[in-house]
Structures are given as C-alpha cells and as structure tokens.
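The structure appears right after this line, and notes come after that.
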Amino acid sequence: MKNKILECLKGSYGYVSGEKISNSLNVSRTTIWKNINKLRELGYKIESSSKKGYKLLESPDILTEEEIKPLLTSSCIGKRILHYEEINSTNDKLRILAKDGENEGTVVIANSQTDGKGRLQREWISDKDKNIYMSMLIKPNIPPYVASGITQVVAISVVKALETIYNLDFSIKWPNDIILNGKKVCGILTEMDGEIDKLNYIIIGIGVNVNQEIISEEIKDKATSLLIESKKNADRRQIIASILNEFEKNYNIFKVNGISTFVDKLKNYSALMNKRVKVSTSYKTIVGDVIDIDNEGYLVVRTETGEIKNIISGDISIRGENSYLPD
Ligand code: BTN
Numbered sequence: 111m112k113n114k115i116l117e118c119l120k121g122s123y124g125y126v127s128g129e130k131i132s133n134s135l136n137v138s139r140t141t142i143w144k145n146i147n148k149l150r151e152l153g154y155k156i157e158s159s160s161k162k163g164y165k166l167l168e169s170p171d172i173l174t175e176e177e178i179k180p181l182l183t184s185s186c187i188g189k190r191i192l193h194y195e196e197i198n199s200t201n202d203k204l205r206i207l208a209k210d211g212e213n214e215g216t217v218v219i220a221n222s223q224t225d226g227k228g229r230l231q232r233e234w235i236s237d238k239d240k241n242i243y244m245s246m247l248i249k250p251n252i253p254p255y256v257a258s259g260i261t262q263v264v265a266i267s268v269v270k271a272l273e274t275i276y277n278l279d280f281s282i283k284w285p286n287d288i289i290l291n292g293k294k295v296c297g298i299l300t301e302m303d304g305e306i307d308k309l310n311y312i313i314i315g316i317g318v319n320v321n322q323e324i325i326s327e328e329i330k331d332k333a334t335s336l337l338i339e340s341k342k343n344a345d346r347r348q349i350i351a352s353i354l355n356e357f358e359k360n361y362n363i364f365k366v367n368g369i370s371t372f373v374d375k376l377k378n379y380s381a382l383m384n385k386r387v388k389v390s391t392s393y394k395t396i397v398g399d400v401i402d403i404d405n406e407g408y409l410v411v412r413t414e415t416g417e418i419k420n421i422i423s424g425d426i427s428i429r430g431e432n433s434y435l436p437d
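Residue 362 in our numbering is what sits at position 252 of the sequence shown, and the numbering runs on without skipping anything.
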C-alpha cells in the first residue's frame, strides 16, 4: 500500500488530497495516514495540511524499485528490481534466482554487502549508504565463446553513464575496470552459467565507488571514488538508472552485431593502449606492449620477443616508472 501511495504522491505536482488518494486506491483515510507515516520512517519528507492533503518534498537516497523505475527508459533491463538493505553478494543472490528461472532483465541492488566479491576471489569492500552494488541477469542467445564481450559492453555503458553525469575523463582498463585519474572507480564481475555450446545465463555484477569519502589504506593507491575525484556527492539512483538505460541500448546492438561495433570505442577509452603490461592468465604470464584491441574484443599484446598474442581474458598490471603497478 505504501508504494501505491508513494506513486500517487510522485504522480502529482503539488498537494494531493487525502480524499483523492482514498478514492483512487479504495482505502480509508486512516490507512493513508498510517502508510504516510511508514514512508516518513523510510526517510521520505512528506508535508501534510488538513486543507490541501499531502505533498512529497524529498525522497531519501534509497535504491528501491519505486525510486529507480521512474528514471528508466529501458524495457527489459530493470523490469524487476529487488532491493536489499544488506546481502552477502548481489551476484550470489541473483544466481539463486536465475537457477529458479528468474526472467532476463532482473536487477538485484544492495545498500551493503557482507561478502562482496571481486574477480579472482578477491574481496569487494561494500560499505553501506555510499556506493552502488548491483547485478543484472541476462540470457542472450549467443554462443558461450562470444560471451566475454559482454563485460566490455557493460564497461562502455558504465563509462557513457558516468560521463553524462560527471564531466570527467573515464577510461577502461581492459576488460573490466573503469579508471578515473589513474585509479579504479568501478569493477565488473561477469559470471556465466552454461555448457560448452549452450549459454544458460550471465550475471553481471557492477560495483561503483560513488560517495565514499575515504578509501581504506590497503587499496588507496589504486582505488578512488567519484566523490573524491569530483568533490561532488551524487544521486546513486540516477547513476544506476543511467547505467541500466545505456546497457540495454548497447546490449541490443551486441546481440545483433557482436562486439565488433564497439571496438573503436574500446580503443578510444582504453587505459592500456601502447602501455607495457603484465598479463596473468590462469595458466601463464605474458609481458609485452598493448598494440590493439581486435575485432573480437581481444587484447593484442606484442611480447618482448616480438610475438603477437591475442588475449581473451586475464589480469593486467600496467608497468609504472620502475615497476609493475599492482592492480
Ligand atoms: C572486480 O573489479 O574485481 C569486480 C568487482 C565487482 C563488484 C560487484 S559489487 C556487486 C556485485 N556483487 C558482488 O559480490 N560483486 C559484484
């Protein structure tokens, strides 16, 4: 009921009378009053006047479906949004739902995570109230071997979304990190379920450091937040909606054309082009210069012996002045 009342408040410019709400929802004035108080407890600022009714003055910074959906232009991505105040990991939650037949497009968002995961079993620090922790479920009808391109489509979508909100230069550290002023502000964790020739679903986890004022000592040389770099507090709902909207547009193109349409953008945004890097894959380590991103979205590296390697995925360290920077 409180969500329906919230919809009424959001749908009307100034005041909306108790009578109007009660007629349209077919509930008593007492029910309205009780639910208005529930909304106030959640942080909604609602003015009430015995003559004019109720007026929504301000919404809290909460990442619920009711707050995000009105900002969406997408039709599939974000069709269902589940919000948790605290959860172990949004990726893990979405995996359970996916195994149970959840539809494509569902998004899980948490205000904090107790077991946030990064790539390679790393921890993803997930403090409450500050950042974005969300996962999207997709079920593209594509062969598993092209699925790695999805991470890059997401990276491009995140950059585009952030660029429209912040007037700053973002880059992509292939394949899954978004970089601002040389430090990471966003990481993407793509997990896939399928067989050798059949993809069941993909879960894309996105963590963005938004309003975090302080970065912990262990990672502060390599990570930052949008607040630290821009000196501006941002509305997380707007960033989430913008990412989902951008992603749906790009995802629809990707399903038809594959990754090739995005290669020019990937090169333009690349934080690695012409850099000396160390690439660690599960079975070997390669040192060389990044010379290209090919039409499959693979990173092209020329090794010290002049060999050309096209790399599908790996953990990349960029060489600094004297050493490889840890990532
Ligand atoms: C990385 O850079 O290593 C990837 C980080 C991905 C973090 C996000 S936060 C939301 C989602 N849930 C998780 O447990 N991880 C991803």
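Glycine included, every Cβ here is placed at the ideal spot set by N, Cα and C.
If you're wondering where the values come from, they're calculated on a predicted model, not measured in any experiment.
Just tell me which of the options has its CA closest to the CA of residue i.
i, options, result
"residue 339", "373, 299, 409 and 290", "290"
"residue 280", "215, 377, 361 and 189", "377"
"residue 122", "163, 371, 136 and 401", "163"
"residue 361", "391, 420 and 256", "256"
"residue 315", "275, 272, 265 and 324", "265"
"residue 95", "250, 137, 358 and 326", "Absent from the model: residue 95. The displayed extent of the chain is 111 to 437, so no value can be given."
"residue 183", "369, 409 and 359", "359"
"residue 228", "337, 297, 120 and 275", "297"
"residue 260", "113, 342, 363 and 156", "363"
"residue 188", "384, 350 and 383", "350"
Count the other CB atoms, across all protein chains shown, that sit within 10 Å of the CB of residue i; report buried if there are 16 or more and exposed otherwise.
i, result
"residue 124", "exposed"
"residue 354", "buried"
"residue 284", "buried"
"residue 152", "exposed"
"residue 324", "exposed"
"residue 154", "buried"
"residue 300", "buried"
"residue 416", "exposed"
"residue 169", "buried"
"residue 346", "buried"
"residue 243", "buried"
"residue 374", "exposed"
"residue 277", "exposed"
Where residue i and residue j are concerned, what is the direct C-alpha to C-alpha distance, given to the nearest angstrom?
i, j, result
"residue 222", "residue 240", "9 angstroms"
"residue 211", "residue 247", "11 angstroms"
"residue 319", "residue 111", "33 angstroms"
"residue 435", "residue 426", "In this prediction, residue 435 has a pLDDT of 48, which is less than 50 and means its spatial position is unreliable; nothing more can be read from the coordinates."
"residue 190", "residue 418", "44 angstroms"
"residue 303", "residue 310", "5 angstroms"
"residue 367", "residue 134", "46 angstroms"
"residue 209", "residue 245", "15 angstroms"
"residue 432", "residue 386", "The pLDDT assigned to residue 432 is 41, lower than 50, so where the model puts this residue is not dependable; a value taken from the coordinates is nonetheless given after this. For residue 432 and residue 386, the distance between alpha carbons rounds to 11 angstroms."
"residue 437", "residue 176", "A caution first: residue 437 carries a pLDDT of 47, below 50, which makes its placement in the model unreliable, though a value can still be read off. Residue 437 and residue 176: Cα-Cα distance of roughly 37 angstroms."
"residue 207", "residue 272", "29 angstroms"
"residue 233", "residue 313", "18 angstroms"
"residue 403", "residue 258", "14 angstroms"
"residue 157", "residue 119", "11 angstroms"
"residue 268", "residue 218", "17 angstroms"
Which two residues bound the contiguous beta strand (DSSP E) that contains residue i?
i, result
"residue 243", "242-248"
"residue 420", "418-421"
"residue 220", "217-220"
"residue 310", "308-318"
"residue 403", "395-403"
"residue 210", "That residue, residue 210, is in no beta strand (DSSP E); it is neither H nor E in DSSP."
"residue 296", "293-305"
Can you name the start and end residues of the alpha helix (DSSP H) that residue i belongs to?
i, result
"residue 280", "Here residue 280 belongs to no alpha helix (DSSP H); instead the beta strand (DSSP E) covers 280-283."
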